[in-house]
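A.B. asks: Sequential numbering from 4 applies to the sequence shown in this note's numbering. I have a structure I would like to understand better, so I am pasting it below and will then ask my questions one at a time.
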Amino acid sequence: MGEGQKNQEKVAFPPSFLLTCSKSMENHCHAVALFYMWYNFVRIHQTLRITPAMEAGISHHVWSIQEIIVLATQSLKAAA
Numbered sequence: 004m005g006e007g008q009k010n011q012e013k014v015a016f017p018p019s020f021l022l023t024c025s026k027s028m029e030n031h032c033h034a035v036a037l038f039y040m041w042y043n044f045v046r047i048h049q050t051l052r053i054t055p056a057m058e059a060g061i062s063h064h065v066w067s068i069q070e071i072i073v074l075a076t077q078s079l080k081a082a083a
């Protein structure tokens, strides 16, 4: 790795930034996971006319937001 690349890495991800934004990064990851759940299990796609999860055989019904909340709550309880 050249000297210029080392400097670019330091500018892109300074250690202080990584330490101060860990909580917001964790929240961002949770938000992305919820979006993927909604996109694949709740949203009916126009071209498929069903959800991608149903097309893949992972689910047999369109999920509701309430079902995702229950699943997330159970996951948090199990992790604690």
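Glycine included, every Cβ here is placed at the ideal spot set by N, Cα and C.
Leaving aside the five residues before and after M40 along the sequence, list all residues of the same chain whose C-beta is less than 7 Å from its C-beta, in chain order.
C.D. replies: I71.
A.B. asks: Answer yes or no: do I47 and V65 have a C-beta to C-beta separation smaller than 8 Å?
C.D. replies: Cβ atoms of I47 and V65: closer than 8 Å.
A.B. asks: What did DSSP end up calling S78 once you bin it into helix, strand or coil?
C.D. replies: Here S78 sits in helix by DSSP.
A.B. asks: Is it right to say T50 is buried, meaning 16 or more other beta carbons lie within 10 angstroms of its own, or is it exposed?
C.D. replies: With fewer than 16 other Cβ atoms within 10 Å, it is exposed.
A.B. asks: State yes or no: is the C-beta of T54 within less than 8 Å of the C-beta of S62?
C.D. replies: Result yes, Cβ atoms of T54 and S62 sit closer than 8 Å.
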